[in-house]
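Beneath this line is the structure, given in structure tokens, with notes to follow.
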Amino acid sequence: MSSKVKLVVIGNGPVGHNFLEYLVESGQSNEYQVTVFGEEPLPAYDRVHLTSWFKNQDVADINMVTDGFYPNNNFILHSGDKVTQIDRARKLVTAESGLEVSYDKIILATGSFPFVPPVPGHQRDNIFVYRTIADLEKITAAAKTAKVGAVIGGGLLGLEAAKALMDLNLKTHVVEFAPRLMAVQVDDGGGAMLAKKIQDLGVSVHTQKNTQNIGDGDNAVHKMSFADGEELETDIIVFSAGIRPRDELARQAEIAMGERGGVVINNNCLTSDEDIYAIGEVALWENKIFGLIAPGNAMAHAAVDHLTGTGSSEFAGADMSTKLKLMGVDVASIGDAHGNTPNSRSYTYVNDREEVYKKIVVSEDDKYLLGAVLIGDAAEYGSLLQFMLNKMELPSEPEGLILPSVDGSSAGIGVDALPDSAVLCSCMNVSKADVVEAVQAGACDMAAIKSCTKAATGCGGCTALVTQVLNNELEKQGVEVNTDLCEHFAYTRQDLYNIVRVEKIKSFDELMQKHGSNSEVGLGCDICKPTAASILASCWNDHVLDDKLHGLQDTNDYYMGNMQKDGTYSVVPRVAGGEITPDKLIVLGEVANKYNLYTKITGGQRVDLFGARSEQLPLIWRELVDAGFETGHAYGKSLRTVKSCVGSTWCRYGVQDSMAMSILIENRYKGLRSPHKLKMAVSGCTRECAEAQSKDVGIIATENGWNMYVCGNGGMKPRHADLFASDLSDADLIKYTDRFFMFYIRTADRLQRTSVWMDNMAGGLEYLKSVIIDDKLGLASELEQEMANVVGTYQCEWKTTIDDPIKMKRFEHFVNSKLHDDNVIFTTERKQIRPASAQEKTAEIAIEIS
Amino acid sequence: MTITSSNFTQDKQWFDICELIDILPSMGRCALFNDKQIAIFRVITPSGTEDFYAIDNFCPFSNANTLSRGITGNLDGKTVIASPIYKQHFDLSTGVCLEDESVKVNTYLVRLEGGTIQLAA
Ligand code: SRM
Ligand SMILES: Cc1cc2nc3c(=O)[nH]c(=O)nc-3n(C[C@H](O)[C@H](O)[C@H](O)COP(=O)(O)OP(=O)(O)OC[C@H]3O[C@@H](n4cnc5c(N)ncnc54)[C@H](O)[C@@H]3O)c2cc1C
Ligand code: SF4
Ligand code: FES
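Residue numbers (the numbering used here), protein chains in the order written: chain A, 1 to 850; chain B, 1001 to 1121.
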């Protein structure tokens, strides 16, 4: 051990942690005896996504450390212990706990702290900053008794803090010293548009306000007094007036510092002491502090490379372009947004109706892009950024890049033209070459690209561009991105859906005749027929065995049961919300006994009866329907179950009646045919016994209503659902769910669960919210109408079928005999039937059940 | 095998199986014939002609009597049935499996005579 290099990492924020990850990746970590100090009580968490902590108030959501990372790598982590001194002469680090650790090398990753201007009154209670989980905990607690909140500082972080205050149900104000919001990133025009949009959302924006005093309020906790004589009363104040590097250790140890603070580093991230590196927001490179994560990570890389000698990357500055969504408003700033370059030209596009502002700054000769500001619509961010970063020549009329195109196509960039080295995703430092390589290694959709390159998993701003590169690459490889449904239709499922809706097509034959690829000879196949059946059902909701539809159904839908491996079917009656009376349970037992069916409680809170031969199905369902059961659609690509917990009626923790809600929504959406199956769940409180966060739509009760989660999945590739909206009323919950399902049905691919649909959605969750909640596409009422039609035309497929004597004949196994399929042979196990194995069948030990 | 003309195989003896209406358009049904389970399909082409096919009902991939319950269609110019369990396709004219040509099910002679569907022995 003594031969190892003693390495002390001070600061366990995102950059300090990523340094350790890179050290492990370098393969050299065994050469070091690593000790890490972190002042915060928790191991590293993702500060960039700090605001997501509010969602569940659970650190796990933003935790950066994989299980066992520190112990497995023999890294010693002291959380909650702040380093108070670096003794360079004795090569010793001292911590607040009294712990002393000697070092050979130090990595200084202490980050920065929020600057609080020394306004009189700034030390009063109920005044906060927005930097750590501890800060958010304090804000949350204070908000419980507060009505009004004000953020001082209208920059990027200030607006994020304002959003948090809004979400805490406070009347929210943003107070900015400069004449516009986001003064660093956007110009006057952009700032004005941004302010307008944010005010539309209910936040009051006050610019050119210099806070001079904070004192007691008359109607609220504080009164802020401004230089212009105006006043503002508020219960909570959050300062977000910029950051300052946490350079106190370096100052005390007399390491070279910048005039206005920050620890000076060179391209290898070495400080003036050659045994001490500084990385992240504490570091000053060419007189600049970089307040973003990507440059911090690049520094961490450079430091690992230099320290271990395993690589040669150097820190060479960073592009500070940003794209984000603030309160649902797209904001992007690229390069020289203010047009400070001498002789530069700029082109601006302003659309007051849509509240869009776009500006590009180009070189004198119109050849190169220098900067851009986009507010309200940042679709061009990816391509503009690439033009700038790669110094690509602009098209002859560069303004075309931001003007809305007449034919709807985007001028943009041909991704082919991008050099391999172009960084597509700056958060995760993924280049075009990385994406291309991943595609060559077999990744063929966005979900796969995300998991193997990490591209688009940070801020998400690069999703559209990465998708374009992916598709372009697939095309080139001849993995023809053939989106045709099958040889019979040169359309995607989404296209066909629209065609069916718009042309009011009611049958497969009509669809084939009008739109089939080769309609003179085409019969369709087992891909397009069930797809068409599903689309027709989503649109018109006719019975599955309707004359023009039955031939399209997969056997499960045709027999309204799941075919098992021996050709028998399962019977699953609906048990909405899992609630069932004893009498009904008895009926299930009696029916199972009478027909000798294998009985099992499913993973979906209901009962499955297995081993029914096709001719038994109508008899069994007759009895079930008479007893008040309906089909459970266990066979359909449609709503399966709404899992529930018992909720406030019985449970001592329940805050809403989750049973009533689950029964209501199960009955509302039962029978809804969709691209893939749909599952829902309702939990009565945050303990989440119904596992709602693993469902397509999950609902969790809150004190004030319901939190709605979307696009979760159990199954093969589990995905936690995303929080979509909070504290909804019953009516809003239903409204959003209606819209959500119908939008999914309209736009998803065949057999694409909502989880995969979301992972492939350009714009992701925010986009989905803008469509469903803000009605950005103006579709909401149409979607609601469509759902109302489905709900209004529901019928129990089994009930309708058994009432029709002609349809009953189809269930006989033989068209010309009443005999049974003699290959269906059961044996008994644990007192119930099961299909006999091939050996058992030949050995004739099985007993035939008839 | 498509047989629509009655004088094609004079040496065969034809047996009535069921009425035309017992098999719905573009669907299959299973018939019991000489102790064998035979899947009969009624395929209607876009030009309106009705073709009949007969193959084993037994699916060699799932070892279950299920082929009559698959979806009919065409792929690559061949009229096929998709196995309802594991979705392999069988050419209805030859019985050959499209995914694995070494697997083949038997085909049988079938025709429509008047309103009656017949199999030949
Ligand atoms: C019966 C049941 C297992 C049980 O004995 O408990 C079951 C049985 C089947 N599941 Fe399941 N799943 C059952 C609950 C689940 C659950 C749990 C749940 O819903 O809470 C999951 C994970 C949750 C999810 O879907 O996100 C589940 C994930 C799957 C998947 C993987 C889906 C995915 O997106 O990854 C499949 C395969 C598929 O759909 O492509 C599948 C497919 C199937 C099929 C349809 C396979 C098949 O084609 O034969 C099985 C049909 C059995 C039958 O005849 O009824 N089953 N299956 C459960 C029926 C619940 C019900 O009452 O309807
Ligand atoms: C709300 C919010 C949103 C943001 N959004 C974005 C975004 O969208 N995109 C983006 O690129 N960036 C964003 N950032 C900035 C990003 O979080 C920072 O760039 C990043 O956290 C810097 O990492 P760091 O490790 O250098 O510093 P920090 O995250 O500050 O971590 C330093 C750690 O060191 C600890 N420490 C300090 N001194 C000592 C000591 N003496 N002993 C022991 N421990 C010590 C601190 O307590 C802290 O835990 C955001 C920041 C915030 C607060
Ligand atoms: S886990 Fe697999 S085997 Fe079990 S029920 Fe689900 S699909 Fe069938
Ligand atoms: S650029 Fe932020 S995720 Fe790719």
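Quick reminder that beta carbons are idealized off the backbone N, C-alpha and C, glycines included.
For residue i and residue j, I'd like the C-alpha separation in whole angstroms.
| i | j | result |
| --- | --- | --- |
| glycine 382 (chain A) | leucine 374 (chain A) | 11 Å |
| threonine 271 (chain A) | alanine 241 (chain A) | 27 Å |
| alanine 447 (chain A) | arginine 1029 (chain B) | 42 Å |
| glutamate 364 (chain A) | alanine 283 (chain A) | 34 Å |
| glycine 154 (chain A) | glycine 191 (chain A) | 10 Å |
| valine 148 (chain A) | glutamate 176 (chain A) | 17 Å |
| arginine 1042 (chain B) | isoleucine 1017 (chain B) | 13 Å |
| isoleucine 243 (chain A) | methionine 193 (chain A) | 26 Å |
| isoleucine 833 (chain A) | glycine 647 (chain A) | 36 Å |
| isoleucine 663 (chain A) | aspartate 759 (chain A) | 29 Å |
| phenylalanine 69 (chain A) | asparagine 268 (chain A) | 26 Å |
| methionine 1 (chain A) | asparagine 73 (chain A) | Note on methionine 1 (chain A): pLDDT 48, under 50, position unreliable in the model; the coordinate value appears next. About 14 Å. |
| alanine 542 (chain A) | serine 1026 (chain B) | The sequence given here has aspartate at residue 542 (chain A), not alanine. Between aspartate 542 (chain A) and serine 1026 (chain B), the C-alpha separation is close to 19 Å. |
| serine 534 (chain A) | glutamate 1050 (chain B) | 26 Å |
Answer with yes or no whether the minimum CB distance from residue i to chain B is below 8 Å.
| i | result |
| --- | --- |
| alanine 838 (chain A) | yes |
| valine 575 (chain A) | no |
| asparagine 823 (chain A) | yes |
| glutamate 615 (chain A) | no |
| threonine 531 (chain A) | no |
| aspartate 377 (chain A) | no |
| phenylalanine 814 (chain A) | yes |
| aspartate 803 (chain A) | no |
| aspartate 566 (chain A) | yes |
| glutamate 487 (chain A) | yes |
| isoleucine 849 (chain A) | Interpretation of isoleucine 849 (chain A) is limited by its pLDDT of 43, a score under 50 that renders its predicted location unreliable; the figure taken from the coordinates is listed afterwards. Not closer than 8 Å to any Cβ of chain B, the Cβ of isoleucine 849 (chain A) fails to qualify, so no. |
| leucine 201 (chain A) | no |
| methionine 563 (chain A) | yes |
| valine 544 (chain A) | no |
Excluding the five sequence neighbours on either side, which residues of its own chain have a C-beta within less than 8 Å of the C-beta of residue i, listed in chain order?
| i | result |
| --- | --- |
| asparagine 667 (chain A) | Ala576 |
| aspartate 188 (chain A) | Pro179, Arg180 |
| alanine 455 (chain A) | Leu424, Cys425, Met428, Val430, Asp434, Val435, Ile449, Cys462, Val466 |
| glycine 27 (chain A) | Thr310 |
| alanine 464 (chain A) | Ala379, Gly382, Ala762, Gly763 |
| lysine 1012 (chain B) | Leu1109, Ala1120, Ala1121 |
| methionine 808 (chain A) | Pro618, Thr801, Ile802 |
Under 8 Å, Cβ to Cβ, is there at least one residue of chain A near residue i?
| i | result |
| --- | --- |
| asparagine 1034 (chain B) | no |
| proline 1060 (chain B) | no |
| cysteine 1030 (chain B) | yes |
| leucine 1112 (chain B) | no |
| serine 1093 (chain B) | no |
| threonine 1045 (chain B) | yes |
| cysteine 1097 (chain B) | no |
For residue i, collect the residues of the same chain with a Cβ closer than 7 Å to its Cβ; drop the 5 residues on either side in sequence, then sort them by chain order.
| i | result |
| --- | --- |
| alanine 253 (chain A) | Ile86, Arg88 |
| threonine 453 (chain A) | Val430, Asp434, Val435, Ala438 |
| glycine 867 (chain A) | With chain A covering only 1 through 850, there is no way to say anything about residue 867 (chain A). |
| valine 184 (chain A) | Gly155 |
Short of 6 Å in beta carbon distance, which residues of its chain neighbour residue i, apart from the five on each side in sequence? Order them along the chain.
| i | result |
| --- | --- |
| glutamate 703 (chain A) | Val655 |
| aspartate 484 (chain A) | Ala490 |
| arginine 47 (chain A) | Pro14 |
| lysine 799 (chain A) | Val625 |
Exercise. Can you find at least 3 beta carbon pairs, one from the region 4 to 14 of chain A and one from the region 32 to 43 of chain A, that sit closer than 8 Å?
Worked result: Short answer: they touch.
Problem set entry | Segment contact flag, the region 131 to 138 of chain A with the region 300 to 317 of chain A, C-beta cutoff 8 Å, min 3 pairs | Under the Cβ criterion (8 Å, minimum of three pairs), the region 131 to 138 of chain A does not count as touching the region 300 to 317 of chain A.
Problem set entry | Touching by the beta-carbon criterion (3+ pairs, under 8 Å), the region 542 to 562 of chain A and the region 585 to 595 of chain A | The region 542 to 562 of chain A makes no contact with the region 585 to 595 of chain A, as fewer than three CB pairs between them are under 8 Å.
Exercise. Are three or more beta carbon pairs between the region 677 to 690 of chain A and the region 629 to 642 of chain A nearer than 8 Å?
Worked result: Three or more beta-carbon pairs drawn from the region 677 to 690 of chain A and the region 629 to 642 of chain A are found closer than 8 Å, and the two stretches are therefore classed as touching.
Exercise. So does the region 90 to 107 of chain A actually touch the region 273 to 280 of chain A, counting three or more Cβ pairs closer than 8 Å?
Worked result: Pairwise C-beta distances place the region 90 to 107 of chain A in contact with the region 273 to 280 of chain A, as three or more of them are shorter than 8 Å.
Problem set entry | Three CB pairs or more closer than 8 Å across the region 497 to 504 of chain A and the region 702 to 718 of chain A | In short, these stretches do not touch, since the Cβ pair count stays below three.
For this session: Decide if the region 772 to 781 of chain A is in contact with the region 329 to 349 of chain A; the criterion is three or more beta carbon pairs, one per stretch, under 8 Å apart.
Result: With the cut-off at 8 Å, the region 772 to 781 of chain A and the region 329 to 349 of chain A do not touch.
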